[in-house]
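In our numbering, the protein residues as written are 8 to 89. Think of the CB as a built atom: it goes at the ideal place given N, C-alpha and C, for glycine as much as any other residue.
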């Protein structure tokens, strides 16, 4: 009976420790914040995982899509600044 009790306690401790170690996550440095979405060669799409916004860069503008709040904003920029 003593071996049976020690086996139960050992099994419980191994189970609890495996759940703790497998469930723990390390804090990221921000490298996993942005995700590049491949598509056409003209547009470049980047998704921000933290805010839920997607940025699409075309030839003359950058469009910011907010998926959570359902709006978009177009920002123009000059390719050749003087």
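Contact belief for residue i with residue j at Cβ below 8 Å, rounded distance in angstroms
{"i": "residue 73", "j": "residue 60", "result": "5 Å"}
{"i": "residue 42", "j": "residue 54", "result": "5 Å"}
{"i": "residue 44", "j": "residue 52", "result": "4 Å"}
Bridge partner(s) assigned by DSSP for residue i
{"i": "residue 53", "result": "43 and 62"}
Residue i to residue j span [Cα, whole Å]
{"i": "residue 27", "j": "residue 21", "result": "10 Å"}
{"i": "residue 15", "j": "residue 58", "result": "46 Å"}
{"i": "residue 24", "j": "residue 11", "result": "20 Å"}
{"i": "residue 65", "j": "residue 18", "result": "58 Å"}
{"i": "residue 94", "j": "residue 40", "result": "Outside the displayed span of the chain (8 to 89) sits residue 94, for which this structure offers no information."}
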